[in-house]
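With the sequence shown counted from 1, adding 786 to any position gets you our numbering.
C-beta atoms are modelled at their ideal positions from N, C-alpha and C, and glycine is treated no differently.
I have placed the structure first, in the form of structure tokens, so that the comments after it can refer back to it.
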Amino acid sequence: MTRQEAEQRIAALSAEIHRHEYAYYVLDNPTISDYEFDQLMGELKRLEAEFPDLRRPDSPTQRVGGRVSSDFAKVPHNPPMLSLDNAFGADDLRDFDRRARSLVDDEPVEYVCELKIDGLSISLRYEDGIFVQGATRGDGETGEDVTENLRTIGSLPLRLEPADGRLPARMIVRGEIYMEKKVLEDLNRELEAQGKPLLQNPRNAAAGGLRQKDPRKTRERRLDSFIYNLVEAEGFPVAKHTESLDLMQRFRFKVNEHRFLARSIDEVIAWTEEWREKRYDLPYEIDGLVIKVNDLAQRARMGFTAKFPRWAVAYKFPAEEKETVVEGITLEVGRTGAVTPAAELRPVRIAGTTVKRATLHNEDNIRTKDVRIGDTVIVRKAGEIIPEVVRVVPEKRPADAVPWEYPRVCPVCGEELVREEGEAAIRCVNPLCPAQQYRAILHFASRDAMNIEGLGEALVQLFLEEELITDAADLYTLRERRGALVEIDRMGEKSVDNLLAAIDATRQNLIHRLVYALGIRHVGERAAKLLADHFGSVEALETAKPDEIQAIAGIGPKIAESVVEYFASPRSHDLLRKLRAAGVNMVGEKKAAPTEGPLTGKTVVVTGTLTRWGRKEIEELIERLGGKSSGSVSKKTSFVLAGEAAGSKLDKARDLGVPVLSEDDFANQFGPF
Ligand code: IVH
């Protein structure tokens, strides 16, 4: 084949493959079989291998052709990528409408209603119709270049289809990258089989997928896209948002089909009601609806507040509630012995899943709500939170229903339960209670604690039943029982060896993991880190006096007391002796002096949801700036960093006169980040 012939054939093949990809990924209507598709792709790959200089960046073979990147370059967003204010019901929507109309002299306003896809927003740049760069939202001003990873997403066009025979020299669009529910379930099944942590929700799954260093890993996540915002398309003027959606569709972007042009706020409200139930039938998750002014000239007159556009709002659905019957009340014994009651329910569909249990939290909650077996109750499931019983429907109470009595003994070991002063929880204080041991070992092995890969609920249960272990320290003696392990059902030699290697590896863990893994009451990851940093060895911590512990910024009297109590117990002594004998690392990590920075000497409490940082990220950032982050507000707190939906900590800060900073204040004072 001559070079010229190859060039023509490559162009023809690329165009054909793009057409099939569009039919498959965007229209969900495949035009050829997978086999035929692979044939075309194979031929194209062979030609490109033979004539490497004819391989173009927008070639369909380049979806996974990208290099492995170690760091994502920063990409400035111009204009910035904004987020939206929320509306939590019809009243909020009417307020939004009134405000919007008042800004355009009460002219009539049309609204475009769209689904709010639960994923990760991205910005895409095209030059002469070719995809050249894509970036995450980041903090809205600057994102990260994830071009190579975005290329792997089948529904994202690498090359645009001309509209009216033309392509814009420059075009910027924005949209959402998401994962279908089914894909998430499939991936989680695989992860579970491999004993790896599961993906928590589609947003995390998409975010994690896009941040992979190797585009092939991104490809495996089978991500998808919806484009909903045209920022600019040189030479293609539009006056309405609806026109821009149509235009983007002609360029072959995947634009969501569920959109509605409302002529009044009443029509908007009717649409929100229509989607309240329908949303569960979608193959992907939405976390609300987005309502946008259609006319772009009106938008320009409405402008922005400090944070949000005044011409759009995110509508959030109310938490769904359903009626069902309490068929029983059961108790679960946790790691620290807390005995938590749960209502066993007649199965009911709420928010897209079947709910059979709902937490009843504690004794006071059951008593206040007076929940009885046989009662009809209202159950609520809000977001990803575990379902809870909201209230009883008294008219439907059976005549023979009796108030529920909290048992006096532990349902697992039979020891007497205690309720300590000022505590809501009722506890089993028998340290030998099998339920507690089980939970304690699971906690010890969990990801944020010692992180023993592959050791999950089923195996811990099995090892306890087979009496191969009685506590967490025994895990380190399992190697001596390799023979017994291999004989156990379900475990092959290879998985036994993998597990033993995973256990061995944790001997070298940094000690803050161990301190957390011990499961000392009130000692979470952050407190464990502070304790490890301060004392530098488990031994120093074991012999520490309450005053010294409490003097650490970020550690209060409750934690201090609990630490001392823990190490005073002979059982803890025994466990630590065994861990030490097993060669588990007990020293290191004492921080000489804290990092010097703008926050040196300051204690910061973070509360509410931040948009720029996750909880761990902001805590690390505070540390890097020299500060300490703490979980509770006191007079010693330097300031509170409050995000969305901040609650009691914010109130307390105001009561105590502790300064409160918004995310923007924080970024302005201590940034740029
Ligand atoms: S419009 C200024 N439309 O929701 C306009 N956003 O808080 C900004 N989202 O960050 C966005 N689906 O990640 C818009 N159909 C949609 C959306 C959508 C999901 C996300 C997006 C944005 C957030 C808004």
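Query, Result
"Which of helix, strand or coil DSSP assigns to ALA1420", "Here residue 1420 turns out to be Ser, not Ala, going by the sequence shown. If DSSP states are grouped into helix, strand and coil, SER1420 belongs with coil."
"Closer than 7 angstroms: ASN935 CB and nearest ligand 3 heavy atom", "This structure does not include ligand 3; its bound ligands are ligand 1."
"Proximity to SER907 [Cα-Cα], best of MET867, GLU1279, PRO1197, ALA1318", "MET867"
"Run of the beta strand (DSSP E) containing ILE1124, from where it starts to where it stops", "For clarity, residue 1124 is Ala in the given sequence; the question names Ile instead. Note, ALA1124: beta strand (DSSP E), 1124 to 1136."
"Contacting residues, own chain, Cβ-Cβ under 7 angstroms from THR922 (five flanking each side not counted)", "LEU906, ILE908, GLY929, GLU930, VAL932, LEU996"
"Distance between ILE939 and GLU1043 (C-alpha atoms, nearest Å)", "19 angstroms"
"First through last residue of the alpha helix (DSSP H) which encompasses GLN1455", "1449 to 1456"
"Within the segment 841 to 879, ranges of the beta strand (DSSP E) (whole runs, at least 3 residues)", "860 to 862"
"Alpha helix (DSSP H) segments (min. 4 residues) lying fully within the segment 1172 to 1199", "none"
"Rounded separation between SER1424 and GLU1382 - CA only", "16 angstroms"
"Limits of the alpha helix (DSSP H) - the one that GLY828 falls within", "820 to 836"
"Where LEU1075 sits in the DSSP three-state scheme", "strand"
"C-beta contact flag for ILE1055 and MET1034 at 8 angstroms", "no"
"For GLY1269, three-class secondary structure by DSSP", "helix"
"Cα-Cα separation between VAL1391 and ARG1038, rounded to whole angstroms", "47 angstroms"
"VAL1282 in three-state terms, based on DSSP", "helix"
"Alpha helix (DSSP H) segments (min. 4 residues) lying fully within the segment 883 to 943", "933 to 937"
"Exposed unless 16 or more other CB atoms sit within 10 angstroms - verdict on SER1416", "buried"
"Start-to-end residues for the beta strand (DSSP E) that takes in LYS1142", "1139 to 1145"
"Reference HIS804, options THR847, ALA1124, GLY1278, VAL1125, closest by Cα", "THR847"
"Assumed close pair ALA1318, VAL1301 - CB separation to whole angstroms, cut-off 8 angstroms", "5 angstroms"
"Run of the beta strand (DSSP E) containing ARG1166, from where it starts to where it stops", "1162 to 1167"
"DSSP beta-bridge partners of VAL1390", "SER1415, PHE1425"
"ILE958, DSSP secondary structure in three states", "strand"
"Heavy atom of ligand 1 within 7 angstroms of ASN1148 beta-carbon", "no"
"Own chain residues within Cβ distance below 6 angstroms of THR1126, not counting five before or after", "GLU1118"
"Cβ-heavy atom distance, PRO983 to ligand 1, below 7 angstroms", "no"
"Endpoints, beta strand (DSSP E) assigned at LEU1385", "Premise fails: LEU1385 is in no beta strand (DSSP E) and is neither H nor E."
"Euclidean distance between Cα positions of GLY924 and PHE1090", "20 angstroms"
"Spatially closest choice to THR1395 from GLY1429, LYS1421, GLU1409, ALA873, by CA coordinates", "GLY1429"
"In DSSP terms, what PHE1012 is bridged to", "GLU962"
"Cβ neighbour criterion (16 or more within 10 Å) applied to ALA1086", "exposed"
"Test item: CB-CB of ILE1072 and ASP904 under 8 angstroms", "yes"
"Where the alpha helix (DSSP H) containing THR1028 begins and where it ends", "1027 to 1036"
"ALA1291 to GLU1328 span [Cα, whole Å]", "24 angstroms"
"Within 8 angstroms, strictly: CB atoms of VAL1178 and ASP1161", "yes"
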